[in-house]
Amino acid sequence: MRLVKFGGLFLVSACIWGCGSNSQSEATPSAEVVVAPPMEAVNTDPIFPNSIVSNSLSFIELTDASVTHCMVLTGRETREMPGGPTNNLFEDNVYIFEANYADGTTVEVWATARFSSESAAESEAGEIAMRLALLPTFMRETLNHVILHTGDSTAFAEDLAHFFVVYEENMAFRRSENDMEETLFHESVHATMDNMYRDGDPRWANAQQTDPGFITEFARDRVTEDLAESAIFAFTDKYFPGRLPEDVTNSINLIMPNRLDFLQSIFPEEATYFEDIRAAKGCTQSPQ
Ligand SMILES: [Zn+2]
């Protein structure tokens, strides 16, 4: 990664000096006054409108390493379900699915009773649970639960209570676009990292102020999105070097070098990406 970073800088430098030198030697025979071409400014503008849906980059793939898991319906309960179609925050008979992972982490998926059937709710909850298995252990350990509604709205997260909310039709569309892994990662960053780092770590604030730009327009225009927007670039660059196109890699090194260093110091080394933190709970308990 360092080589790419410095390679990018050298390329810029070579162009600046090379272009100026060539123009000068071409103009010399006529003895005219040489006006050096304007030096091209280094472009630190955002490279995409947003990180996930505005490009075809594959940051995370379903075939990437994941921790094994199982999921079980533990019952039907009353839960606080923000983001639903009514003003009533609480909903009865919510499907409580418990996803238990081999590293000892557990994440509940609370699916609205508006699903047409238990199997429909289970199927969609399963799509979520399998993608949460791609996250590093520390994120899954911090993530409290996922709220799953029917309908089609944009996902959102609650950083203090460590949960996020998704919608069945929106998730189906994101799957069809190969964007569901990235969407769940983005919301998981909000739910597990915003509170600790975006809102409380001077290293993030310092990196943000020191870097020359924002990686996406979304991050620039809504600064609360900056950490989640930047994190997916840092994540893929750390664990899957070469997966991002070279021009994108060069841009993130140019636009957000300090954020990149900071975020990549938070994401664990590969040896502890999946880390057994307690005995796996398994899914052998009978549904209530
Ligand atoms: Zn966001």
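Residue numbers (this note's numbering): 357 to 644. Ideal Cβ positions, reconstructed from N, Cα and C, are used throughout, including at glycine.
First and last residue of the alpha helix (DSSP H) that includes residue i?
i: G482; result: E474 to L488
i: F334; result: With the chain running from 357 to 644 in the structure shown, residue 334 is simply not present.
i: H536; result: Reading the sequence as shown, one finds Met at residue 536 and not His. Per DSSP, M536 belongs to the alpha helix (DSSP H) from M536 to V545.
i: I452; result: Run containing I452: none in the alpha helix (DSSP H); it sits in the beta strand (DSSP E), F446 to Y457.
i: F618; result: P613 to I622
Using the Cα positions of residue i and residue j, report the straight-line distance between them to the nearest angstrom.
i: L490; j: R576; result: 28 Å
i: V450; j: W466; result: 6 Å
i: G473; j: E480; result: Note that residue 473 is Ser in the sequence shown here, rather than Gly. Rounded to the nearest angstrom, the two C-alpha atoms are 11 Å apart.
i: M549; j: F446; result: 26 Å
i: F623; j: P405; result: 25 Å
i: E417; j: M495; result: 17 Å
i: L499; j: V521; result: 12 Å
i: A513; j: E464; result: 15 Å
i: R599; j: T462; result: 30 Å
i: R578; j: R554; result: 13 Å
i: P402; j: F453; result: 39 Å
i: N444; j: L504; result: 16 Å
i: D582; j: A528; result: 26 Å
i: S586; j: D448; result: 37 Å
i: E625; j: F591; result: 11 Å
Could you name the residues of the same chain whose beta carbon sits closer than 6 Å to that of residue i, not counting the 5 residues immediately before and after it, in chain order?
i: T566; result: N614
i: P601; result: none
Closest to residue i by C-alpha separation, out of the options, would be which residue?
i: T628; options: S407, T468, A458 and P492; result: P492
i: N606; options: F512, A636, I571 and V579; result: I571
i: Y595; options: L619, V502, T640 and Y523; result: L619
i: E533; options: T400, S414 and N399; result: S414
i: L516; options: F529, G556, R487 and A528; result: G556
i: A397; options: I633, F630, S621 and P568; result: P568
i: A485; options: E537, D593, I611 and L610; result: E537
i: R530; options: P558, I608, R487 and H546; result: R487
Which stretch, first to last residue, makes up the beta strand (DSSP E) that contains residue i?
i: A513; result: F512 to E514
i: L504; result: H501 to H505
i: A467; result: T462 to A467
i: R432; result: H425 to E436
Less than 8 Å between C-beta atoms, sequence neighbours within five positions excluded: which residues of the same chain meet that for residue i?
i: S509; result: G439, Y523 and N526
i: N456; result: H425, C426, M427, V428, T462, A636, K637, G638 and C639
i: S386; result: Its pLDDT being 45, under 50, S386 is placed unreliably by the model, and the measurement read from it follows with that caveat. There are no such residues.
i: N562; result: N614
Near residue i, which residues of its chain fall below 7 Å by C-beta distance, leaving aside the five closest residues on each side in sequence?
i: G460; result: D632, I633, R634, A635 and A636
(Q) Report the start-end ranges of each alpha helix (DSSP H) in the region 544–610 that is 4 residues or longer and not cut off at the edges. (A) 558–566, 573–577 and 582–595
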